[in-house]
Structure formats: structure tokens, C-alpha cells
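In this note's numbering, the protein residues as written are 5 to 511. Written out below as C-alpha cells is the structure these notes cover.
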């Protein structure tokens with residue numbers, strides 16, 4: 005009789021525990037990062053009234069007679085399944101998609117959580133909004149390099165952080181230089197009249213480029229008074245880089261059987277002369293060098309001051325171009341192309357003088373991406389590797405937990421990285437309240453690393469992981485628990501009535 009009473013009492017006690025767990029789950033249905041729990045039961049010790057017997061003497065065996073003594077707790081298990089992420093738009097709200105826990109510290113102790121409600125305190129520490137515990141990870145060095153093998157530290161994002169200026173060391177040029185660029189010669193006059201054997205003739209001179217660098221073709225045509233062509237002659241000549249013709253050329257022009265001597269000279273002032281008739285004045289010419297192509301870029305010195313570098317390109321020979329830089333910067337050199345328009349070699353460097361206390365800057369021009377094709381010139385100074393000083397304006401956190409700062413000089417630099425921890429048995433972690441966990445003897449030690457590595461999930465900035473409580477399941481469990489409690493209370497009342505009947509036997 006007493007066995008049924010105690011069995012019912014044990015059932016009431018542990019159904020109440022199950023109801024406590026369900027109530028706590030429902031209470032935390034909107035708690036960020038909360039992990040729900042469940043209760044499982046196991047039967048209590050059974051009293052053996054008679055042992056089992058083996059078959060013998062032509063009789064079969066018998067089973068044992070046992071009476072159970074009630075119920076006991078089997079386990080209170082915590083579900084570490086992922087809750088649904090909810091977007092918040094706050095950069096420091098973080099949700100882990102996959103396995104892993106944020107690592108928080110109060111100095112001597114470490115805690116682990118999935119609740120990523122973080123913000124900066126007055127000293128720039130990244131802390132949990134609900135607990136004030138500091139978030140651990142790795143801090144970048146002054147060059148923005150993060151060493152994930154270094155010991156964990158509190159992540160600090162100091163307000164007003166700056167980037168030191170960096171002097172320019174290289175300028176990269178891109179685009180095309182027009183292979184068709186050549187110098188040109190324009191005659192100041194194009195005609196002369198001469199008299200031969202009493203007849204008047206007109207000489208018409210013309211100079212055109214051959215397409216080769218500083219090489220020209222000349223022609224002279226003779227017409228009589230009626231405009232009929234009675235003679236002509238042609239040839240080619242080259243000039244130096246200043247347009248001065250190289251060498252001279254004697255020309256015997258035949259006009260209806262008579263010879264007129266011409267001289268193609270080596271002076272632009274008298275490019276053509278009729279030497280057989282000194283009374284005919286020479287014809288001069290004007291030389292125009294190949295066009296210049298100019299590009300401008302700003303560079304930085306050691307103090308972050310800007311300087312303008314103006315680069316001028318000009319063709320100086322077949323597949324050869326000169327480049328010069330204007331003051332205050334200085335520098336010059338040559339670019340040599342192959343017959344396919346690709347750079348073969350370059351010479352020269354650029355110097356920025358030290359002004360206002362800054363160091364003198366030596367810059368290497370990179371012309372490797374310049375081409376020389378028969379297309380319009382598009383060569384530009386495309387980029388340079390220097391920058392001025394910058395002040396931190398804002399920051400963001402990427403999927404690997406890297407904190408990237410945006411500075412006023414337009415640069416982004418890594419400031420730190422948030423660490424994640426995984427465990428061999430997350431269910432073995434101990435709840436310490438405030439959605440925090442601590443290591444237990446059955447959870448295994450924390451395996452720490454960066455998000456996205458070693459089976460760790462990625463970090464979603466601007467979102468929070470909600471509770472993983474399933475309300476439909478909790479309400480179903482609540483009904484089952486209530487009915488179990490109710491049924492076991494009936495066992496107690498019925499056993500009480502039976503005891504009452506037993507007491508009444510003596511009446």
C-alpha cells in the first residue's frame with residue numbers, strides 16, 4: 005500500500021520539476037541567445053518479490069516478480085540548436101550562423117554566449133550590453149595585421165584612432181600612347197616661278213610624312229603657263245629630334261629638255277633652293293614636334309602633404325618615348341616599346357623635394373601597363389600607393405569577425421577580430437545566468453579560433469540570434485506534464501482511500 009503512495013509522491017515531485025523547466029523555457033521565449041531545456045525521466049529502484057527460476061524437472065522457468073518504487077530524473081538536457089536570426093541594423097549586434105560561442109571576460113574568468121548584443125563603452129572596449137563583460141579576440145597591429153595565433157585580448161576600438169601618412173613610393177601608369185604620333189613640317193610657301201629658255205614655269209613643292217618617325221617625303225611638280233605638268237621629282241629625308249633636316253640632296257629637274265638644279269637643304273630656313281637661278285628666293289618651313297600627352301596625379305610626402313606630379317609623354321623615335329615631370333617634382337626617362345606595342349624597358353625616377361620638414365621622396369614610375377598602339381592616346385597616371393593621415397570615422401564587422409575601420413582619408417584598415425569558441429560537448433556547458441555558459445568537466449575545453457575556420461560558423465553583423473524555444477512543443481509538453489501530474493495525484497488519493505478502508509476494518 006505504501007509503495008503506491010511513494011511512487012505517486014515521486015511522480016508529483018519530478019513532474020513539478022518538468023513543469024518548472026517548461027515554464028522557464030516559455031519565460032525566455034524572447035530572450036536573445038537563450039537555449040531551451042527538456043526533462044527526461046527514468047524509473048526508480050524496483051523491489052523484487054520473487055526471483056526468476058530456471059526450467060527444471062519438466063517444468064518451465066518463471067519470471068521475477070518486481071514492483072517499481074516510482075520515478076526519478078533522468079536528465080535535464082539543454083538544446084544548443086541555433087535560433088532564428090533577427091535583423092536589427094546595429095553594426096555591433098552579432099549573430100553566429102553555425103557552431104561557436106562568443107568569448108566574454110571579466111578579467112580572471114571567461115564566459116561563453118550566443119547572445120551578441122555588443123556595443124562600445126566610454127573607453128572603446130567592445131562589451132556585452134546585458135552584462136558589461138568584455139568581448140575577447142585579437143587586436144591588429146599598427147599596419148592592420150591580425151595574428152590569430154596570439155593570446156586573446158579585450159577588443160578595443162579607440163575613438164579618434166588615426167592612420168599615419170605614408171609617402172608615395174610608386175605611381176602606376178596605364179593607357180595607350182599613339183604610335184602614329186610624329187612630327188610635321190609645313191612649308192611657309194609652296195610655289196616658285198622660274199624662267200627657262202624664255203618660258204615661265206611654276207614649281208609647286210609639297211612635304212608629307214611617310215609614317216615613320218621624323219621621316220618626310222617631298223615632291224616638286226612643274227607646270228607651264230597653261231597648267232600642264234611638264235616635269236616632277238620626289239624624294240625623302242629625315243630630321244633630328246628638333247626637326248632639322250639631316251643631310252642635303254641635289255636634284256636635277258628636267259623641264260622640256262632643260263635642266264634646273266634644285267637643292268633640298270639641311271636648314272628649315274631654306275629647305276628648297278633653285279641653285280641654277282640664284283634670283284629665286286629659297287622656300288622655308290616650320291617643324292612641329294610630335295604632340296605631348298600630359299597626365300596629373302597627387303602624391304604624398306612623409307608628413308602626408310600632397311604634391312602634384314605632372315607627367316608629359318612625347319615620342320622621340322621609333323618605339324621610343326620620353327617622359328618628364330614638371331617642378332617642384334623632377335624626373336625624366338625613356339620608355340621603349342617592341343614592335344607589338346608592349347613595353348620593353350624604362351628608365352628614370354621621380355623625386356619630390358623635402359618641403360616643410362618632410363623627407364625627400366623617391367618615386368618609382370611603373371609604365372609596364374602602358375601600350376603603344378595606333379589608337380588615340382589615353383595614357384594616365386592611374387594610381388599611387390601613398391596616403392595622408394586619417395581619423396577613424398566608422399567601422400563594420402565582416403563574416404569572419406574582422407573589425408574593419410573606415411578612415412577620413414578614404415582607407416579601410418583592420419582593427420581587430422572577434423574570436424569564437426567551440427566545444428566537443430556543448431550540452432555539457434553550465435548555465436550561469438544572463439545567457440552565459442561556463443566550461444564543465446564534461447563539456448571539453450574551449451577550442452578557440454576565427455569565425456569560418458575549424459567548423460566554426462560565420463558572423464552576421466546587424467542581427468541577433470533569438471531564443472530556440474519552440475512554443476508549440478512547450479505547450480504540448482505542458483499538457484502532457486499536467487496530465488501526468490494529475491494522474492499521479494489520483495494515485496495518492498486512491499491509495500489514501502484504501503488506507504482509510506483498512507483502518508475502518510476494526511470498527
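Note that beta-carbon positions come from the ideal geometry of N, C-alpha and C, so glycine has one too.
{"Query": "Nearest-angstrom Cα separation, counted from residue 188 out to residue 294", "Result": "7 Å"}
{"Query": "Where residue 99 falls, given that 16 or more other Cβ within 10 Å makes a residue buried", "Result": "buried"}
{"Query": "Whole runs of the beta strand (DSSP E) within the segment 162-197, excluding any shorter than 3 residues", "Result": "174-180, 188-191"}
{"Query": "Straight-line gap, residue 360 to residue 298 (C-alpha atoms, nearest Å)", "Result": "27 Å"}
{"Query": "Environment of residue 121 [buried if 16+ CB atoms lie within 10 Å]", "Result": "buried"}
{"Query": "Residue 434 - containing alpha helix (DSSP H), residue span", "Result": "Segment 434-437 is the beta strand (DSSP E) holding residue 434; no alpha helix (DSSP H) there."}
{"Query": "Under the three-state DSSP convention, the category residue 250 falls into", "Result": "coil"}
{"Query": "Supposed close pair residue 203, residue 224 - CB separation, criterion 8 Å", "Result": "That belief does not hold up - the Cβ atoms of residue 203 and residue 224 are roughly 17 Å apart, past 8 Å."}
{"Query": "Whether residue 430 touches residue 304 by CB criterion (7 Å)", "Result": "no"}
{"Query": "Of the residues 328, 323, 413, the one placed nearest residue 343, counting alpha carbons only", "Result": "323"}
{"Query": "Length at least 3, wholly inside the segment 104-146: the beta strand (DSSP E) runs in chain order", "Result": "105-109, 114-117, 120-124, 130-132, 138-143"}
{"Query": "Per-residue burial, residue 249 [other beta carbons within 10 Å of its own, 16 or more giving buried]", "Result": "buried"}
{"Query": "Other residues of its chain near residue 92: CB distance less than 8 Å, five sequence neighbours each side excluded", "Result": "466, 467, 468"}
{"Query": "Bridge partner(s) assigned by DSSP for residue 203", "Result": "200"}
{"Query": "Segment contact flag, the segment 489-501 with the segment 109-127, C-beta cutoff 8 Å, min 3 pairs", "Result": "no"}
{"Query": "Closest by C-alpha distance to residue 129, when choosing among 118, 119, 143", "Result": "143"}
{"Query": "For residue 205 and residue 234, believed in contact at Cβ under 8 Å, the rounded distance", "Result": "7 Å"}
{"Query": "Contact between the segment 394-413 and the segment 439-456 (3+ Cβ pairs under 8 Å)", "Result": "yes"}
{"Query": "Exposed unless 16 or more other CB atoms sit within 10 angstroms - verdict on residue 210", "Result": "exposed"}
{"Query": "Alpha-carbon spacing of residue 222 relative to residue 286, whole angstroms", "Result": "15 Å"}
{"Query": "Residue(s) in a DSSP beta bridge with residue 258", "Result": "263"}
{"Query": "From 507, 490, 503, residue whose alpha carbon lies closest to that of residue 17", "Result": "490"}
{"Query": "Beta carbon of residue 356 nearer than 7 Å to that of residue 333", "Result": "yes"}
{"Query": "Backbone secondary structure at residue 454 - three-state DSSP", "Result": "strand"}
{"Query": "The segment 264-273 contacting the segment 172-179, beta-carbon criterion three pairs below 8 Å", "Result": "no"}
{"Query": "Residues of its chain near residue 190, where Cβ-Cβ distance is below 6 Å and the 5 sequence neighbours each way are ignored", "Result": "290"}
{"Query": "Simplified DSSP assignment, three categories, for residue 314", "Result": "strand"}
{"Query": "C-alpha gap between residue 484 and residue 52, whole angstroms", "Result": "30 Å"}
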